[in-house]
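Numbering follows full-length UniProt numbering, in which position 84 of the sequence shown is assigned residue number 84; successive positions increment by one, without gaps.
Every residue, glycine too, gets a C-beta built ideally from N, C-alpha and C.
On a predicted model such as this, the values are computed, not experimentally measured, just so you know.
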Amino acid sequence: MSGVVITEPGVYYDLPEADYHAQHDWLSWSRMKHLLPPSTPAHFKASLKAGEERKRHFDLGKVVHRLILGEGSDFEVVQALNRQKESYDATSYELVSAQAHRDRIYEAGRVPILRHELDAAEAMAASVLQHGTASALLADGRPEVSLFWIDDETGVKCRARLDWLPNPDIGARRLIVPDVKTAADGSGPAFGKAAASFGYFGQWTHYLDGIRALSINKDPAFVFVIVEKDDPHLVNVGQFVKRDDVAQARRAVDHCRRLYADCLAANQWPGYGEDINDFELPTWWHYRMEALLP
């Protein structure tokens, strides 16, 4: 990390990933979603103090992104030591030597990956780049582009990091922004569940806001390029266009920004409150009791 501090809105093409994540005064969706119920502003505040959490299940996706986009996190194949203290490509993290090398790779700011995982990542990247629609979406533009803008309604300073920003000089064609995701199941229904669980609905809404706010394009579209982790590494390109989906995503993002602005102005980040709250048993429990009890 170079200690760069972003002070002005704009499109930043060559900002290192670590410097992007260090801009804590600018609100990203990955942080903002901690303001969605049932989470609270107190949870959000704690997430800021925690920093960027290291999660191993993100590592494969980071490597796939690097192989597809040509930029992103550096990676290194994890080595283990045999009884003769000779290094070889580790097949798991069972050995202490493999664990130690993995940790050193993390500390150096790189992504550790096992050899068989790298083989899978290379196959996934090849599948995306051989897919007609996916490869066309990733053919003309810049990878890993950082956006910084100020939300007109709330005054909140916002940021986003696009996997890929197409060349804005597209004439009459619509600007389509792709985002690459890895998934165990790339089918539409499964990815819809993932989008709800992991907050992808806020990602597309937040990112498109940035593109419009910075006058990159007035009417951009956002599509997900999903590649499955298992052979044959099928690719599915799609978007969320159902009116209710778009409207609820819009409500969620707007709620988070307004709540953040209010908490920031008051310098108060409340939790569940001090009143006695009413709890309810879930609907599935009632159905289960109806089925089981005489």
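Burial state of residue i, where buried means 16 or more other Cβ atoms lie within 10 Å
i	result
residue 7	exposed
residue 108	exposed
residue 151	buried
residue 289	exposed
residue 155	exposed
residue 205	buried
residue 173	exposed
residue 210	buried
residue 4	exposed
residue 283	exposed
residue 131	buried
residue 276	exposed
residue 162	buried
residue 20	buried
Beta-bridge partners of residue i, as assigned by DSSP
i	result
residue 166	141
residue 89	79
residue 146	12, 161
residue 236	226
residue 180	225
residue 27	158
Cβ separation of residue i and residue j, assumed to be a contact under 8 Å, to the nearest whole Å
i	j	result
residue 178	residue 223	5 Å
residue 121	residue 64	5 Å
residue 90	residue 80	4 Å
residue 27	residue 157	6 Å
residue 43	residue 34	5 Å
residue 195	residue 29	In fact, because the Cβ distance is near 13 Å, the residues do not count as touching under 8 Å.
residue 228	residue 184	7 Å
residue 142	residue 165	5 Å
Backbone secondary structure at residue i - three-state DSSP
i	result
residue 218	coil
residue 113	strand
residue 259	helix
residue 198	helix
residue 290	helix
residue 279	coil
residue 6	coil
residue 70	coil
residue 285	helix
residue 231	coil
residue 17	helix
residue 129	helix
residue 152	coil
residue 274	coil
residue 96	helix
residue 204	helix
residue 108	coil
residue 241	coil
residue 173	coil
Min CB distance residue i to chain B below 7 Å
i	result
residue 114	Going by chain labels, chain B is absent from the structure shown, which holds only one protein chain.
Would you be able to state if there are at least three C-beta pairs under 8 Å between the region 66-86 and the region 126-142? yes
Quick one: any contact between the region 190-197 and the region 222-238, if contact means 3 or more CB pairs under 8 Å? yes
Okay, do the region 226-245 and the region 6-24 touch, 3+ Cβ pairs below 8 Å being the bar? no
Could you tell me whether the region 261-278 touches the region 195-205, where touching means 3 or more Cβ pairs closer than 8 Å? no
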